[in-house]
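Numbering (this note's numbering), first residue to last: 39 to 1274. Note that CB positions come from ideal geometry on N, CA and C, so glycine has one too. First comes the structure, then the notes that go with it.
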Amino acid sequence: MEREMLFFPKWHSALWFEIVLMFLILQGARPEITCRSCQVGNTVLARQMFLKFFTNESVTPLKEVDGHSDEAGRSRAASVGTPRLHHTSFSAERAPDRAEALRLLRSTETLRSNEVGDNRLSAQYNATGGAKRTRGSRSSDDRSVGHPSSGRRVTRSELRWSSEERRVGGSRQDELKLNSSTFALTGDSSHNQAMVHWSGQNSSVILMLTKLFDFNLNSVTESSLWRSTDYGATYQKLNDKVGAKTILSYLYVSPNNKRKIMLLTDTEVENSILISSDEGATYQKYRLNFYILSLLFHPEQEDWILAYSHEQKLYSSVEFGRRWQLVHEKVTPNRFYWSKMGLDKEPGLIHLETTIGVGQALYVTCELQNCTDANKGKPFPGYIDANSLVVQDEYVFVQVSTTGKPIYYVSAKRDVFTPMKLPKYTLPKDLHVISTDENRVVAAVQEWNQNETYNLYVSDTSGVYYTLALENVVSSMGLEGNVMVDLYEVAGIKGMFLANKRTDKKVKTYITYNRGRDWRLLQAPNKDLRGNSIHCMPPYCSLHLHLHVSANPYTSGSIASRESAPGIIVASGSSGSELTTSNVSVYITSDAGNTWRQIFNEEYAVLYLDQGGALVAIRHTPLPIRHLWLSFDEGRQWNKYSFTNTPLFVDGVLGEPGEETLIMTIFGHVSHRSEWQLVKIDFRSIFSRRCSEADYQTWHLHDQGEPCLMGVKRIYRKLKPTSRCVMGKLYSVSMSSGPCDCTEADFECDYGYDRRTDGKCTPAFWFHPSAMSRSCPTGMTFLNSTGYRKVVSNNCTDGVIVEYTAKRQHCPMQAPKGLHLVTSEGTLSAVLGTNVTFLVFLEQGDATRTSVTLDFGDGHALTYSNLSSIEDGIKHIYKNVGIYRVTAAGKNRLGTETAVLYLHIICPLESIHLSAPFVAVKNKEVNLTAILWPNQVGTVTYIWWIGNSTELCAVCSGNSKSTNIIVHFNSDEQPIITLEASVTCTFSQEGISTVTVQVSAGNSILQERKAISIHEYFQSHLLAFSSNLDDHNPDVPEWRLDVSRVIKNSLIQATGVNGDYLLVTVLPGLPTTAEFFLLLDGQLIEEEHKKKSGHLNHLSEMMLSALNQNLVHFTLRPGVQVTVYAAHLSAAPLVDSSENHSTPAMLMLLSVVVVGLAVFVIYKFKRKIPGLNVYAQMQNEKEQEMINSVNPTEATPSSQQDVIYSLETLDTAFHSRLIGCKKPHVHVKFSSELPS
């Protein structure tokens, strides 16, 4: 049973009302692309209508709602899509999400007679269940937005009658009247939303929920529930029965028992549901502990419901919402499906997509009442792309992306998953499943060279092999950002489709009668409404129809067909060389698209009455109306009827559910802010009798005279155009058919074949006809294609069927070719210590007789006798980080084949440390090292920035085994990228330079930054502390910075040294040590070397004197006094201290003395000894030598200085080899934090 809802336009400049039509039945997983008509198996039993009220001038964009009919369930709606596997067919029981709405303007004040705003109908036109149209809406302020008809003025004739009105009109006394009654919803004038449910099935009950939605609060603040038991003649308010203070938000109905009603309360007030089992007469309230976002009813069990919550949790109820049970967590929105009888083992089985991580998900199945880990099934091995699971009829689709390239898998009849085979160079950017009826898949594919069009591909019965059906089908973006494809399946005639194709930058409408095997243009009418001849002959001129939902209110077309009225199609369009958005007229065909007639030269909404025996039309107009038009002869003549005495601004029309549709309710209002007026129209009074057998005739379906379509001749029983009678509920379409001999037209090109201009199918340049036998097991048979395959559902017999049908042959024995090796996740990396699953498959060869050896690259290998035994994959765990060469070798007695995979085994990078000195010598090399934690993480890339605020110049080199990169850095230079953890830099100017390093390992990028002070002269000394400081050292950077600042202040206080020339840093690790740096006074920069050296010596002596006298100390906390010392080296005794000296000891002492003298001589005269390359910064030999702390081992310590250990030497310990992901030791010291 089906109801029809039509919406009509109004204009207004102050207040806006909108009607939103929704299905009360929660739909299945939302589709991502829409064709105008695609089959579904379930029946939609109820709809919702929202009336939205705005107080501003503008109207929010329209939103399209998913919809189906019980006839053919043809209309498929779209939702926002990402580059994922999408679908359009779904079970018809899922109610729309709360954000979904189809909006219709409602005018609320009298229009001026000389001007009308730029607003049009926002409509759901589903008169046949075949197509759904949504008209856009605009306020008067939107006139400047690129619409050719914006801001047009209404002519005087428009304010009176159209040409059709003048043609059929008469005086008011002589006008025809319909049997109607009007009811006003008193007290609800402020309500701006409404939802309507008409039970149908011989029931007179209508439910209507009206609400006041506050757009500022984004919630419902008032609601009223109305119920009619006399087909809408009168209504009773039921607020007292549901609770006077209860605010209702949504109304749902069971698809299997329309007497069962469910109401949701507004969650801002309370979270409850109200349930009725007597068509809304009485209700019981039940509290909920979760918030319902969407519902999915079972297609057969009336009490089984799935509810999806905001927390990505899925709940189930087997008592129509009275009790709920948690099924699963982390479920992807709209990616859950009920089982299908005959395919799934259990009726309570649920198909789910569960979220695992970013972009990753799992396809699992589980039982309704027992969804535990032990009972879960995993039909697809490994991860799938998020938001890609589609379960539709007997097919299941998933998507897996590897290296950025998506691979689409399909399972037919719940069998194993197989990659979908599109033509080799299709290279899809986007793929959507359009329909899966008649045991085949129709897919819309946007290829690499397309932007606004899609190509249609059709599959064989397995859903694996696809061939091209039609190129460049027009697509558009829906009102929610969803993709809409201009494809319409005509109801009542199998295999008949209409599509809009872009050819030479022009959009033209094409028709097919054999499921896309052949397409042709539509023949335009040969006469217009006035009877004038029209010369319009294909291919230069033809009829073009609007099949899509347009955002432009002036270009919205509509199309309708009915199962009960085969061959009758009503559509909006235009004739000419292409489809236009202006001069839109309404056309009708009575012979399934062979000939067309123009019935209106303006846009009208048309509904089918009495199983299609009569048609009713209502004009799209901004003015109040009181008339509609009826036709009893398939649109050849139209009669004008009045349905009310007072003109009404029509907001929508709701038809009685079912094919009979003899009762309608028109929703509207009569004036500004008036109550809703509900006009019930009973068309039964205009029919005087029931139809008899003499009122019917036979009609032969044909395509331009060709009677054999889809392999049969079809003869339908239709009502004669001259008969004016009621067919009634007992009428059913009868059709007789006779088989036809098979011809070439009954076959389409098989996979890998292209159709030439002469109609013959020949192999594509990339296809080898023998390829179909390559995966055939020896001893079995395969179908050797002739290049053709019969069109699905084609019933032809004999003829050329033997010539064109594939021949079954024995599989040949052949060497393995096309061996593939991948991981189950489709990635080239894995984490150390985890299970890695390898999948091996063969393109050509007998898998049952081909052995395979898999070498994991780490010294382990496995051999299997045949590929069939490893369909679930081969698992292996790696114990060390690295890049492994994994090799698979397939072998049989005719040959071998190998495949190689380079796998990166990594550890997650947790932290990095930049080892860099605090002070560096000008024009001397500085080593910068990035230290990783853990140090073995796999392949790593280092990105270096050497920036500064003083325009310092730096020259850096990154060394690797094969290259030496030298980069000159200025403040705006690009970074240097290396594979090594160290770079060497030289700074040519004094100042502060900032070093930044980023480390990229796998999906992780970490960063560390250090500041280096560049000076030409400085001295440094190590500091030690009293042992009590170690007890309070947490060894964290923040603590070291604070203590460094305290030590600096203590040194300044004890010595009076200017703090601008003193740097102090506490080194990491225990025992606690520190280092201070003495810098030159800025006034001495231009002085000679002797004065510079003397100044630093003087400062150093002051510091050491204060430290040796224990004058430097600080209080760490009350009771903890810390003393700072100058660190000294304590050398071990060279000789034994006992009284008895042995000869060996004396010889050892002499040896040490000789060696010491030799070292002294070499040191003093090293510049004169060839072959020695020892660096020393030589000064006046009588003066103390300067120390370079960047590389302290290169300087010679004086008697007054401590030995400074090299930072590079200390860092070396951090690079000791570790096993697995173990972390390095933390006691190593780094003098690389910012000094105070």
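Could you check whether L1060 and V1160 sit closer than 8 Å to each other, using their CB atoms as the reference points?
If you number the sequence shown from 1, residue 1160 lands on position 1122. If you number the sequence shown from 1, residue 1060 lands on position 1022. Not closer than 8 Å, so no.
Is it true that the region 661-668 meets the region 776-795, where meeting means three or more beta-carbon pairs spaced less than 8 Å apart?
No: fewer than three Cβ pairs fall under 8 Å.
Quick check on DSSP: helix, strand or coil for N477?
Residue 477 sits at position 439 when you count from the first residue of the sequence shown. Per DSSP, reduced to three states, the secondary structure at N477 is helical.
In whole angstroms, give me the CA-to-CA distance for A529 and G706.
Working through the sequence shown from its first residue, we reach residue 529 at position 491. Working through the sequence shown from its first residue, we reach residue 706 at position 668. Near 31 Å, if we compare the C-alpha coordinates of G706 and A529.
Here's the rule: buried if 16 or more other CB atoms are within 10 angstroms of the residue's CB, otherwise exposed. What is S253?
By 1-based counting over the sequence shown, the position of residue 253 is 215. Before going on, a small fix: residue 253 reads as Phe here, not Ser. When all chains shown are included, F253 counts as exposed.
With DSSP as the reference, label Q735 as helix, strand or coil.
As a first step, residue 735 must be located in the sequence shown, where it is residue number 697. When DSSP states are grouped into helix, strand and coil, Q735 belongs to the strand group.
Quick check on this structure: which residue in Y734, V838, A598 has the alpha carbon closest to the alpha carbon of S770?
Sequence index remark: in the sequence shown, residue 770 carries index 732 (1-based). The candidate whose alpha carbon is nearest that of S770 is Y734.
Have a look at N256, S287, E306, L245 and flag the residue whose alpha-carbon is nearest the alpha-carbon of L276.
As a position in the sequence shown, residue 276 is number 238, starting the count at 1. Checking every option, the nearest Cα to that of L276 belongs to L245.
Starting from the Cα of E317, find the closest Cα among T1111, V243, G864, Q274 and give me that residue.
Counting from 1 along the sequence shown, the entry for residue 317 is found at position 279. It is V243.
From D689 to I704, what does the alpha carbon distance come to, in whole angstroms?
As a working mapping, residue 689 is identified with position 651 in the sequence shown. As a working mapping, residue 704 is identified with position 666 in the sequence shown. Computed Cα separation, rounded: 8 Å.
A868 by DSSP, collapsed to three states: which one?
Along the sequence shown, read from residue 1 onward, the residue named residue 868 stands at position 830. Strand at A868.
Starting from the Cα of R558, find the closest Cα among T456, A481, R568, L581 and give me that residue.
The residue labelled residue 558 in the question sits at position 520 within the sequence shown. If you compare the alpha carbons of T456, A481, R568, L581 with that of R558, the shortest gap goes to L581.
Quick check on D423: buried or exposed, where buried means 16 or more other Cβ atoms within 10 Å of its Cβ?
Here residue 423 corresponds to residue number 385 of the sequence shown, with the count starting at 1. Flag for D423 reads buried.
Roughly how many whole angstroms lie between the Cα atoms of K462 and T888?
As a first step, residue 462 is located in the sequence shown; it is residue number 424 there, counting from the start. As a first step, residue 888 is located in the sequence shown; it is residue number 850 there, counting from the start. Roughly 26 Å separates the two Cα atoms.
When you compare only the Cα positions, how much space is there between S426 and Y642?
Here the question's residue 426 lines up with position 388 in the sequence shown. Here the question's residue 642 lines up with position 604 in the sequence shown. Between S426 and Y642, the C-alpha separation is close to 39 Å.
If T22 and T861 are in contact, beta carbons under 8 Å, what's the gap, nearest whole angstrom?
Examination of residue 22 is not possible in this model, given that the chain is present from 39 through 1274 alone.
Going by the beta-carbon positions, is the gap between I606 and E672 smaller than 8 Å?
Against the sequence shown, residue 606 aligns to sequence position 568. Against the sequence shown, residue 672 aligns to sequence position 634. Yes.
Can you tell me which of the three DSSP states R722 falls into?
Translated into the one-based positions of the sequence shown, residue 722 becomes position 684. In this structure, R722 counts as helix in the three-state DSSP scheme.
Among the candidates E1018, S774, N822, whose CA atom is the shortest distance from the CA of S1038?
Along the sequence shown, read from residue 1 onward, the residue named residue 1038 stands at position 1000. The shortest C-alpha separation from S1038 is found at E1018.
Got a sec? Which residues, its chain only, sit under 6 Å from V429 by beta carbon, not counting five neighbours each side?
Locating residue 429 in the sequence shown gives position 391, counting from the first residue. Once the five neighbours on either side are set aside, the close Cβ partners of V429 are Y375, H389.
Does S730 pass the burial test, meaning 16 or more other C-beta atoms within 10 Å, or should it be called exposed?
Counting from 1 along the sequence shown, the entry for residue 730 is found at position 692. By the neighbour-count rule (16 or more Cβ atoms within 10 Å), S730 is not buried but exposed.
Can you say whether I549 is buried or exposed, counting buried as having 16 or more other CB atoms within 10 angstroms of its CB?
Start at 1 with the first residue of the sequence shown, and residue 549 comes out as number 511. I549 is buried by the Cβ-count criterion.
Using the C-alpha atoms, what's the distance from S867 back to V919?
For this step, residue 919 is matched to residue 881 along the sequence shown. For this step, residue 867 is matched to residue 829 along the sequence shown. One C-alpha to the other measures close to 11 Å.
Can L1134 and F1115 be called in contact, C-beta distance under 8 Å?
As a first step, residue 1134 is located in the sequence shown; it is residue number 1096 there, counting from the start. As a first step, residue 1115 is located in the sequence shown; it is residue number 1077 there, counting from the start. In terms of Cβ geometry, L1134 and F1115 do not form a close pair [threshold 8 Å].
Which residues bound the beta strand (DSSP E) around N822?
Residue numbering aside, residue 822 sits at position 784 when the sequence shown is read from its first letter. Its beta strand (DSSP E) spans residues 819-822.
Beta-carbon within less than 6 Å of T901's beta-carbon, same chain only, minus the 5 sequence neighbours each way: which residues are those?
By 1-based counting over the sequence shown, the position of residue 901 is 863. The answer, listed in chain order, is T891.
For T440 and G864, what's the separation of their Cα atoms in angstroms?
Along the sequence shown, read from residue 1 onward, the residue named residue 440 stands at position 402. Along the sequence shown, read from residue 1 onward, the residue named residue 864 stands at position 826. Rounded to whole angstroms, T440 and G864 show a C-alpha spacing of 5 Å.
Quick one: residues in its chain with C-beta nearer than 7 Å to the C-beta of L364, no 5 flanking neighbours on either side, listed in chain order?
For this step, residue 364 is matched to residue 326 along the sequence shown. Closer than 7 Å at the Cβ level, and outside the excluded window around L364, lie K351, Y353.
Alpha carbon to alpha carbon, how far is T977 from E1076?
On the sequence shown, position 939 is the one that residue 977 refers to. On the sequence shown, position 1038 is the one that residue 1076 refers to. Looking at the two C-alpha atoms, the distance is approximately 31 Å.
Ignore the nearest five residues each way along the sequence and tell me which others in D836's own chain have a CB closer than 6 Å to its CB.
Against the sequence shown, residue 836 aligns to sequence position 798. Here the set comprises D779.
Given 8 Å as the limit, is there contact between the region 527-541 and the region 596-615, that is, 3 or more CB pairs closer than that?
yes
Give the range of the alpha helix (DSSP H) segment to which Y842 is assigned.
Counting from 1 along the sequence shown, the entry for residue 842 is found at position 804. Run containing Y842: 839-842, per the alpha helix (DSSP H) assignment.
How big is the Cα-Cα spacing for P745 and F328?
The sequence position of residue 745 within the sequence shown is 707, counting from 1. The sequence position of residue 328 within the sequence shown is 290, counting from 1. Those two C-alpha atoms are separated by around 59 Å.
Would you check if the region 469-476 and the region 791-811 touch, i.e. whether three or more CB-CB distances between them fall below 8 Å?
Touching, no, given that fewer than three Cβ pairs across the two stretches are closer than 8 Å.
Please report the distance separating the alpha-carbon of L237 from that of G651.
Numbered from 1 along the sequence shown, position 199 holds the residue referred to as residue 237. Numbered from 1 along the sequence shown, position 613 holds the residue referred to as residue 651. Just to set this straight, residue 237 is Ser in the shown sequence, not Leu. Between S237 and G651, the C-alpha separation is close to 23 Å.
If you count every other CB in all the chains shown that lies within 10 Å of the CB of D453, and 16 or more means buried, which is it?
For the purposes of this step, residue 453 is identified with residue 415 of the sequence shown, where counting begins at 1. Around the beta-carbon of D453, fewer than 16 other beta-carbon atoms lie within 10 Å, marking it exposed.
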